[in-house]
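First the structure, in the form of structure tokens, and then the observations on it.
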Amino acid sequence: MGVYLAQFLSGLASASALFLAASGLSIIFGVTRVVNFAHGSFYMLGAYFGYSLVRNLGGGALGFWVALLIASIAVGLVGLLVEVIILRRLYKAPELFQLIATFGVILVIQDVVFWYWGAENLLGPRAPGLSGIVRIFDVPMPVYDLALIAIGPLVLLGLWLLFNRTRWGVLVRAATEDREMVGALGVNQSLLFTGVFVLGSALAGLGGAIQLPKGDANLLMDFGILAEVFVVTVVGGMGSIFGAFLAAVLISELNTFGILVWPNGTLVLMFILMAVILIVRPTGLLGRPETIGQKTETGPVEVVLPAGPHYKIFVAVVIALLALLPLLVDDFILVLVTDILVLALFATSLHFLMSTGGLVSFGHAAFYGGGAYAAALLVTYAATPFELALLLAPFGAGLLALVIGWFCVRLSGVYFAMLTLAFAQVAWSVVFQWSDVTNGDDGLLGIWPAAWASGTATYYYVAFVVAAAGIFLIRRVVFAPFGYGLRATRDSSLRAAAIGIDIKRQQLAAFVFAGVMAGLAGGLFAFSKGSVFPDEMSIPRSFDALLMVLLGGIESLSGPVVGAAAFTWLHDELITFEYWRLLLGVVIVALVLLFPQGLGGAARHHVGRYLKLEASPGDLRSATPKREQRA
Amino acid sequence: MLEIRGIHSYYGQAHILTDVSLTLSKGEIVVLLGRNGAGKSTTIKSIMGMVRVTEGSIAYDGEEVLGEPANRIARRGLGYVPEERRIFTRLSVQENLDCGRQPAREGTRNWTADDMFDLFPNLAEARHRPGGTLSGGEQQMLTIARTLMGNPGCILLDEPSEGLAPVVVEQIIKVVKEIKAQGIPVLLSEQNLYFAGLVSDRAYVIETGHIRYEGSMRELEENDEVRQQYLAV
Amino acid sequence: MSFAEARTAGSPALSVSGLSKAFGGVQAVKDVDFQVAEGELLALIGPNGAGKSTCFNMLNGQIRPDRGSVKLSGEELVGRSPAQIWRRGVGRTFQITATFPSMTVAENVAMVLMSQARELFSFTRSAVNRHRAKALQLLDMVGMAGQADRPCGVLAYGDLKRVELAVALGNEPRVLLMDEPTAGMAPRERVELMGLAARLAHELDVAVLFTEHDMDIVFSHADRIIVLSRGELIAEGDAEQIRSDPLVLKTYLGEGQVYGQDKKPKD
């Protein structure tokens, strides 16, 4: 009995930090409609700040708590900078750009932390005065856990009072519903937004700081907590602080008890819990059906047209050039172009999902890595021949996409994006931790193609043919009835349902199709490098794909191919620097700030029209914004 | 009171208003008539700084407000009642009113929540209910009350009768007349000519972003040509 | 309208009986009964929040009623999904236009035809110009064939409404639900659109149920009118009967200041 109680209390204790982070995310999203992907980084910063401050402020109990508080405020100030310098300029940009910008912030913070604190895990200091142990039913219990248990509900109460008993709080709730209207009533929105962002960031920072005595500060915690926070938010219901608390407790308890029952299966348990809750209550425990945020805006709606004559000639020339390439360049360039082709297929599969389906996935690397691992596992454990493994890889990824997609298509907009990221992180964790099978961080080696295809030029041709065929298939599907039906669900789910389209089924099929194509790219990748590492499934890889799509322009069907080339070039330029993540992050943020209407969009606007790359739509170009139809 | 001269407004790349000018003087109700998409709401949103305006001038009380953000314009005393009401559905009626509250302003009446409950008895009964549970008519009352809480010196009322039952529209007419009786000028955007005719002193007719007609309401009612050509009566 | 009256005597396309729905203890719709005949235009009017939208959403399967039955030519629809109900011949237009802005007008209509032909899981056939002839034919019926290749996003509001009508007629429905079809339109456009809808309904023998706040439209175009208030039907009859019903005047029509073709304002 005592063991269970102690375990339960320990679960409550770990729920507090999670709740703080999740409530911060929820509050920020509610008002600014920005899902702050850098929220995990703020949590991580809180931990690092807390670590250094506790050391500098001496060992007293007062010093300890003051240090945590200052750490939280300091993270709030970082949030202030991020909001004022970056996000404030992007509130009117499509959501996708906001998300990408916050991803840039993640990269910058990662490298700054790495530069200042180093790569070592920093073990958290004990809390002075609370480092002892109490016995509850004869089971030892750290006193600090009791403090943590109290902090969660206290913060919850404080937030409730803030939002229900102060005018500022009422205005924040009003802005959550209709921020423009709040402005039109004479309230300074910018101040309100900044205030909310600082509050949310500080909560994340506090969460990271208070968990120090139980854990540590490390460089992996940003994505780790981010996925957990997303799960909490989806399970608890977006926008509900009570829901976040409930979900944080539920998930922490599941983790602590899960370890007793099934030590290696906590991730799977979390997965099952989330599944059950989403089936019973798609809006989460205490969530309300959302009216806004149903769709992730990726940019203005334009009429999609099949290829024009100039475009076809242009593509034919490119293909001819690529076919002759091995005669023209050396192996180094050939390997580089092979990489580009593989990534182009990967990016095109994501682009299909985003542009035709309106489904912005933040975890698409799960299927790229999934394909790579499917091929590698087949080769390693079943001695499958190269050709068969390459053929089966996409199906492995497709199976994974079927399972993940089945849950994700129940949600829409940013919720969909959050859930894809959470699932991708789960997939990554499984591969990372299940070292008996996947070899964990050391990866699977010796995944080479058959002898006939092992030459650089030969493999280049294999990749070229497979990637080109994949890209053409995707393009074909865009203009097939399936693609039209999918686009219909994106344009107007109301109308699509009214003309008998089963939206979820259409979206799930698209998700699986995109997963299969990403898996094909992953299979090609595994054999081109001869090895697979968990990195291929990680969140940064998912963002790479998003970045390629963004670089190429979301509206253009050929954009991802151009984007993959540009990305590979950019990556190769930056990777030579020690702090390349920092540079990449800065570049991403700068790109988004300079071209908030989309990069490819800007380029195509000036160049594409000139070259007539797509059938000229004349006056049919950009559709009037929806709003105006009712104005 | 309010003087708009030659404004051009855009939604993204779409040029919505072309050279729109209009004036609103103390104590009068002016209606902006036009069919859907003609630019009525865009005109009102342009005044409120909620739409990109590239040229022209918008003067309120003799001061230029063009280029200011919506909150600053609202602080000057321009009260905006949006089309589609846009009340805060999860906030109680009382909290909705609190959101509209602004400090007392010189020369305008200082309204309190109790004044609102006198003016709109329905809202008094519902003061602790979430706005989303109100009927369409009550929501329209609430959105007007919320704007009055800011003690406006001038009100922009966007399509208040849209989608409301005739019996509710008659109540709105009473409210608009009451506002006028308080000396607050109103710029009204409407499609319902009956409504417009019952409350307005002057009318502008807008079509595809151009002002096509300007005159007293009575003149417009007698001008069948304008009514047919631009209002498609 | 003797033509329409002859129709009303015809067989009911849609019969609704005992339809009820409560949301969290609030009775939104209570024991609603009515029938719509083939070729008949039935107007459903009532104050905001009377339960009109809930009724519509129950008829096309978006909301499941607590009690009651909805029969399409004798076949029960309650319990079926919106897609199934649509396939059986219940079409719908929306208060706020809902079209596919990334497609041309013709493609918007072709989309319905593809859905009807169950082709949406075809991955390799081309959808470009698919069902174009039939789509143009439908567009011709609503007078939009001339704009078939324009994107839906750039159309004028009144034209969008016509496209919606063509889309709704795409699967040859037996019942058409129109939610405030003329909202946001100018008076003449309203008359034109409802005239078109009435003509098509009569020609194609479609039963039309529509909600509307413009009483001029209701009184001039509906063959019959039913009035909903607080979830219950309070009156039924032709324009003359409804216009003089004291209960309807009190709960909905008011003093008649804001409608009435024959009355000039400020008379």
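Here the protein sequences line up with chains A, B and C, keeping their order. Read in order, the letters of the first sequence correspond to residues 17 to 647 in the working numbering. Read in order, the letters of the second sequence correspond to residues 11 to 243 in the working numbering. Read in order, the letters of the third sequence correspond to residues 9 to 275 in the working numbering. Here a beta-carbon is modelled for each residue, glycine too, at the ideal position from N, C-alpha and C. All values derive from a computational prediction rather than experimental measurement.
Count the other CB atoms, across all protein chains shown, that sit within 10 Å of the CB of GLY184 of chain B; report buried if there are 16 or more and exposed otherwise. According to the sequence provided, residue 184 of chain B is Lys. The question's Gly does not apply to it. Residue environment analysis places LYS184 of chain B among the exposed positions, since fewer than 16 neighbouring C-beta atoms fall within 10 angstroms of its C-beta.
Residues near ALA433 of chain A by beta carbon distance below 8 Å, same chain, minus five either side: Closer than 8 Å at Cβ, skipping near neighbours: VAL51, LEU115, THR312, VAL376, SER377, PHE378.
Close beta carbons around TYR20 of chain B, own chain, < 6 Å, minus the five adjacent residues each side: Taking C-beta separations shorter than 6 Å and ignoring five residues to either side along the sequence, the partners of TYR20 of chain B in its chain run ARG62, following chain order.
Looking only at its own chain, which residues have a Cβ that is under 7 Å from the Cβ of ALA581 of chain A, when we skip the five neighbours before and after it? If the five residues before and after ALA581 of chain A are omitted, its C-beta is found closer than 7 Å to the C-beta atoms of ILE356, all from its own chain and listed in chain order.
Could you confirm whether any beta carbon from chain A is found closer than 8 Å to the beta carbon of ARG146 of chain B? Here residue 146 of chain B turns out to be Gly, not Arg, going by the sequence shown. No, GLY146 of chain B lies away from the interface with chain A (no Cβ there is under 8 Å from its Cβ).
Got a sec: is the Cβ-Cβ distance from CYS109 of chain B to anything in chain A below 8 Å? Closer than 8 Å: yes.
Helix or strand or just coil, what does DSSP make of ALA109 of chain A? Reduced to three states, the DSSP call for ALA109 of chain A is coil.
Let me know the beta strand (DSSP E) ranges lying completely inside the region 318-395 of chain A, each 3 residues or longer, listed in chain order. Those beta strand (DSSP E) runs which fall completely within the region 318-395 of chain A and span 3+ residues do not exist here.
Per DSSP, what are the beta-bridge partners of LYS234 of chain C in this structure? A quick correction: the sequence has Ile, not Lys, at residue 234 of chain C. Its beta-bridge partners are C:LEU52, C:GLU244.
Proximity below 8 Å, CB of LEU219 of chain B to CB of GLY37 of chain B: This sequence places Gly at residue 219 of chain B; Leu is not what is there. For GLY219 of chain B and GLY37 of chain B, no; Cβs fall outside 8 Å.
Under the three-state reduction of DSSP, which class applies to MET111 of chain C: helix, strand or coil? When DSSP states are grouped into helix, strand and coil, MET111 of chain C belongs to the coil group.
PRO29 of chain C by DSSP, collapsed to three states: which one? The residue asked about is misnamed: residue 29 of chain C is Lys in this sequence, not Pro. For LYS29 of chain C, the secondary structure class from DSSP, reduced to helix, strand or coil, is strand.
Roughly how many whole angstroms lie between the Cα atoms of VAL532 of chain A and VAL419 of chain A? The C-alpha of VAL419 of chain A is placed about 13 Å away from the C-alpha of VAL532 of chain A.
State yes or no: is the beta carbon of ALA525 of chain A nearer than 8 Å to at least one beta carbon in chain C? Chain C, which has a Cβ nearer than 8 Å to the Cβ of ALA525 of chain A, makes this yes.
Candidates A:MET237, A:VAL188, A:VAL351: which alpha carbon is nearest ALA63 of chain A's? Ranking A:MET237, A:VAL188, A:VAL351 by CA distance to the CA of ALA63 of chain A puts A:MET237 first.
Rounded to the nearest angstrom, what separates MET197 of chain A and ARG49 of chain A at their Cα positions? Going by the C-alpha atoms only, they are around 15 Å apart.
In terms of alpha-carbon separation, which member of B:ALA69, B:GLN238, B:GLY47, B:THR153 lies closest to SER31 of chain B? Looking from the CA of SER31 of chain B, the closest CA among B:ALA69, B:GLN238, B:GLY47, B:THR153 belongs to B:ALA69.
Got a sec, what are the start and stop residues for the beta strand (DSSP E) ARG82 of chain B sits in? Counting along the chain, ARG82 of chain B falls outside any beta strand (DSSP E), though it belongs to the alpha helix (DSSP H) covering 80-85.
Pick helix, strand or coil for GLY79 of chain A, following the three-state DSSP scheme. GLY79 of chain A falls in the helix class under three-state DSSP.
Straight-line Cα distance separating CYS63 of chain C from LYS38 of chain C: Each residue's Cα considered, the two are about 10 Å apart.
How long is the line joining the alpha carbons of LEU510 of chain A and ALA530 of chain A, rounded to whole angstroms? Straight-line measurement puts the Cα of ALA530 of chain A at about 24 Å from the Cα of LEU510 of chain A.
SER30 of chain A to ASP161 of chain A span [Cα, whole Å]: If I take the Cα positions, the gap works out to 8 Å.
Whole-angstrom distance between LEU599 of chain A and ALA606 of chain A, CA atom to CA atom: Approximately 10 Å, taken between the alpha carbons.
Within chain C, the residues that TYR205 of chain B reaches when beta carbons sit closer than 7 Å: Per the sequence shown, the amino acid found at residue 205 of chain B is Phe instead of Tyr. Residues of chain C whose Cβ lies closer than 7 Å to the Cβ of PHE205 of chain B are, in chain order, VAL266.
For a contact meaning CB atoms closer than 9 Å, what does LEU261 of chain C contact in chain B? Result: ALA175, PRO176, VAL177.
Is the region 78-93 of chain C touching the region 451-470 of chain A, taking contact as three or more C-beta pairs under 8 Å? Under the 8 Å Cβ criterion, the region 78-93 of chain C does not count as touching the region 451-470 of chain A, having fewer than three qualifying pairs.
On the premise that PHE113 of chain A lies in contact with VAL608 of chain A, defined as a C-beta separation below 8 Å, what is that separation, rounded to the nearest angstrom? Correct: roughly 5 Å between the Cβ atoms.
Measure from the alpha carbon of PHE31 of chain C to the alpha carbon of each residue in C:ALA45, C:GLY57, C:GLU48, then state which is nearest. Ranked by Cα distance from PHE31 of chain C, the first of C:ALA45, C:GLY57, C:GLU48 is C:GLY57.
Which residues in the same chain as LEU139 of chain A place their Cβ atom closer than 7 Å to its Cβ, once the five residues preceding and following it in sequence are excluded? Only ASP232 meet the Cβ criterion.
Determine the extent of the alpha helix (DSSP H) in which ALA485 of chain A is found, giving its start and end residues. Its alpha helix (DSSP H) spans residues 472-494.
State buried or exposed for LEU187 of chain A, treating a residue as buried only when at least 16 other CB atoms are found within 10 Å of its CB. The residue in question, LEU187 of chain A, is buried, as its Cβ has 16 or more Cβ neighbours within 10 Å.
So which residues of chain B does HIS139 of chain C contact, with C-beta pairs closer than 8 Å? Near HIS139 of chain C there are no residues of chain B at all, since even the closest Cβ is about 30 Å away, more than 8 Å.
From the DSSP secondary-structure annotation, give me the bridge partner or partners of MET202 of chain C. None; MET202 of chain C has no bridge partner.
If you draw a straight line from the alpha carbon of GLY134 of chain A to that of TYR595 of chain A, how long is it in whole angstroms? Answer to the nearest angstrom: the Cα atoms are 12 Å apart.
Looking at the strands, I want to know which residues DSSP matches up with ILE2 of chain B. Lying outside 11 to 243, the shown extent of chain B, residue 2 of chain B is not represented and no answer is given.
Mind reading off the beta-carbon distance from PRO550 of chain A to ASP457 of chain A? Whole number of angstroms is fine, and I expect it under 8 Å. Yes, they are in contact, since the Cβ atoms of PRO550 of chain A and ASP457 of chain A sit about 6 Å apart, within 8 Å.
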